[in-house]
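In my numbering, the protein residues as written are 569 to 865.
Reviewing the structure listed below.
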């Protein structure tokens, strides 16, 4: 059992069995390579690794001032790796099983209020073709709570605007249906019917919704820069990104009384715990819930 063979099989397992995205697979393999390097340094064979050795490895990693979040993700990756060895290579134990992940203080995401979102969208120069495209982009980002990766890969064939739904491909190539509101539909249709036909579409991008001026799929970085430029234009001091619109989408739904399970489905979160962070964003909203519904208030 060599490292090269095991890593090759592990990669195939992540692709075929777990159906993970390429960047997730790369992260898992990077975790394994860190362990491999440490084993080489300590002259330890793969089948000799035990819980104590993993603990020593984590202490070694911690000396590099790696954040608790990165350490937790690394341990999670190694858990998956050793679980794979149990399945495919008949390893008897998982040395990471009894190890606790670092305690994490969950960071409350930055969100925009409605006035800030309106100001950003209003700052777009809609007299240009790119401006109208950008307006549609922001309306869809905020109106559907998409990840930027889902936005740039959005397909025309997955738009069901007549019934007010779109289909996106999220993490792990998992598809989900998301409602889309009238405002987003309005500007999406303007872009598709009046702007996109003027773009020289390149082969292979015929079904992609949002294109650059050369007729290719927009990059994540380009969407980031569009938003950064708008923030600078209106003098917004908050640090924002495309993901800020996703956080704002979820936060505003929860503040408005939306069911948390429904928000979870729309965001594509595997765990309700991930979605629950949005219940901590607006303390005034929580106080109003207590006041309205608690019998002693």
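Backbone N, C-alpha and C define an ideal beta-carbon position, used for all residues, glycine too.
The C-beta distance from residue 798 to residue 688 rounds to 5 Å, short enough to fall under 8 Å.
Following the DSSP letters along the chain, one finds residue 649 inside the alpha helix (DSSP H) bounded by residues 636-656. If only uninterrupted alpha helix (DSSP H) runs of at least 4 residues are considered, those enclosed by the stretch 796-845 are 810-823, 828-835, 840-843. Classified as exposed, residue 762 has fewer than 16 neighbouring CB atoms from the shown chains inside 10 Å of its CB.
Three or more Cβ pairs closer than 8 Å define a contact, and the stretch 691-704 falls short of that threshold against the stretch 738-747.
In the assembly as shown, residue 750 is an exposed residue. Its beta-carbon has fewer than 16 other beta-carbons within 10 Å.
At a Cβ-Cβ threshold of 8 Å, residue 791 and residue 719 count as neighbours. Annotation: residue 826 to residue 713 spans about 14 Å, alpha carbon to alpha carbon.
Here residue 653 is not near residue 599, since their CB atoms are 8 Å or more apart. The three-state reading of DSSP puts residue 785 in strand, counting E and B together. Rounded to whole angstroms, the gap between the alpha carbons of residue 663 and residue 656 is 16 Å. Within the stretch 681-723, the alpha helix (DSSP H) runs of at least 4 residues that lie entirely inside it are, in chain order, 682-690, 697-712, 716-720. With fewer than 16 other Cβ atoms from the protein chains shown falling within 10 Å of its own Cβ, residue 609 counts as exposed. If you check the CB distance, residue 641 and residue 650 do not come in under 8 Å.
Burial check for residue 590: the Cβ neighbour count within 10 Å stays below 16, so the residue is exposed. Burial check for residue 728: the Cβ neighbour count within 10 Å stays below 16, so the residue is exposed. Fewer than three pairs of CB atoms, one per stretch, sit closer than 8 Å, so the stretch 759-775 makes no contact with the stretch 802-818. In the displayed model, residue 660 falls within coil according to three-state DSSP, outside both helix and strand. The DSSP-derived three-state label of residue 746 is strand. By alpha-carbon distance to residue 680, the top candidate from 836, 804, 594 is 804. Shown here, residue 776 sits in a strand according to DSSP, grouped into three states. By a beta-carbon distance limit of 8 Å, residue 810 does not contact residue 736. Their separation comes to about 14 Å. Annotation: residue 617 is outside any beta strand (DSSP E) and is labelled neither H nor E by DSSP. Secondary structure note for residue 610: its alpha helix (DSSP H) is the uninterrupted segment 590-610. Closest by C-alpha distance to residue 707, out of 665, 753, 824, is 753. Beta-bridge pairing by DSSP links residue 582 to no other residue.
Considering only 748, 684, 697, 630, the residue with the shortest C-alpha distance to residue 732 is 748.
A direct Cα-Cα distance of roughly 15 Å separates residue 637 from residue 596. Scanning its chain for C-beta atoms nearer than 6 Å, with the 5 sequence neighbours on each side dropped, one finds around residue 699 the residues 692, 693, in chain order. The C-alpha of residue 774 is placed about 17 Å away from the C-alpha of residue 734.
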